[in-house]
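Structure first, commentary second.
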Amino acid sequence: MSGKARPVRNVRSAVFTAAALLIAIIAARADDGAIISRWYSALLVADRTELADLLADDVRIKLGDLGVVQSKQEFIAALDEWKGAVAGAEIRHRIEKSEGGITTVIACYDFPDNDMLMQETFAVAGNRITASSQAAIAENCEAY
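In this note's numbering, the protein residues as written are 759 to 902.
Take a look at the structure:
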């Protein structure tokens with residue numbers, strides 16, 4: 759009798775462990791999505807405090823089209839110029855995939871005089887963006 763109880767207990771334990779792992783993975787993806795949404799909301803209004811909170815201290819932000827890699831301090835310092843550029847703009851984004859702490863986003867930057875479609879990749883760890891890269895994929899947002 760005790761021989762049958764042990765396998766059932768082991769199966770229950772394995773099912774519980776698998777379910778807990780699945781919930782943790784789904785929660786991590788949801789957290790990354792929330793961080794990405796916070797990023798774009800803060801970026802749209804050049805919110806220094808929120809952006810600084812979202813970025814890890816050792817983050818590297820690669821702006822591929824400009825050939826620039828910025829530190830957290832350099833990125834925050836550039837927000838004054840960005841604030842003027844983003845005035846009256848809209849940023850739409852959608853997550854294309856999120857796996858292993860790497861999230862790929864398609865973003866439409868719809869400025870008053872032009873728009874641009876970008877592919878952006880974020881590495882997220884410990885609820886902070888640890889790396890970001892950005893590259894244009896179209897000179898307008900028709901494909902968004």
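A virtual CB, placed ideally from N, CA and C, is assigned to each residue, including glycine.
| query | result |
| --- | --- |
| State the start and end residues of the unbroken beta strand (DSSP E) segment that holds Val863. | 860-868 |
| Give every residue of the same chain whose Cβ lies closer than 6 Å to the Cβ of Pro870, excluding the five residues on either side of it in the sequence, and list them in chain order. | Gly846 |
| Where Glu848 and Trp840 are concerned, what is the direct C-alpha to C-alpha distance, given to the nearest angstrom? | 13 Å |
| Which residues mark the beginning and the end of the alpha helix (DSSP H) in which Leu809 is found? | 806-812 |
| Since Ala843 is in the alpha helix (DSSP H), which residue starts that stretch and which ends it? | 837-844 |
| Could you spell out the range, first to last residue, of the beta strand (DSSP E) harbouring Ala889? | 886-896 |
| I'd like to check one pair, Gly859 with Ala893: are the Cβ atoms closer than 8 Å? | no |
| With distances taken from CA atoms, which of Arg806, Ala836, Met874 is nearest His851? | Met874 |
| Are the CB atoms of Ile864 and Tyr902 nearer to each other than 8 Å? | yes |
| So what's Ala800 in DSSP terms, helix, strand or just coil? | helix |
| Could you pull the DSSP bridge partners for Leu875 from this structure? | Cys866, Ala896 |
| Quick one: what's got a C-beta closer than 8 Å to Phe833's C-beta in the same chain, skipping five residues either side? | Leu809, Leu813, Val817, Ile819 |
| By DSSP, does Ser829 sit in helix, in strand, or in coil? | coil |
| Can you give the beta carbon distance from Ile794 to Asn885, rounded, assuming they're within the 8 Å contact cut? | In fact, because the Cβ distance is near 12 Å, the residues do not count as touching under 8 Å. |
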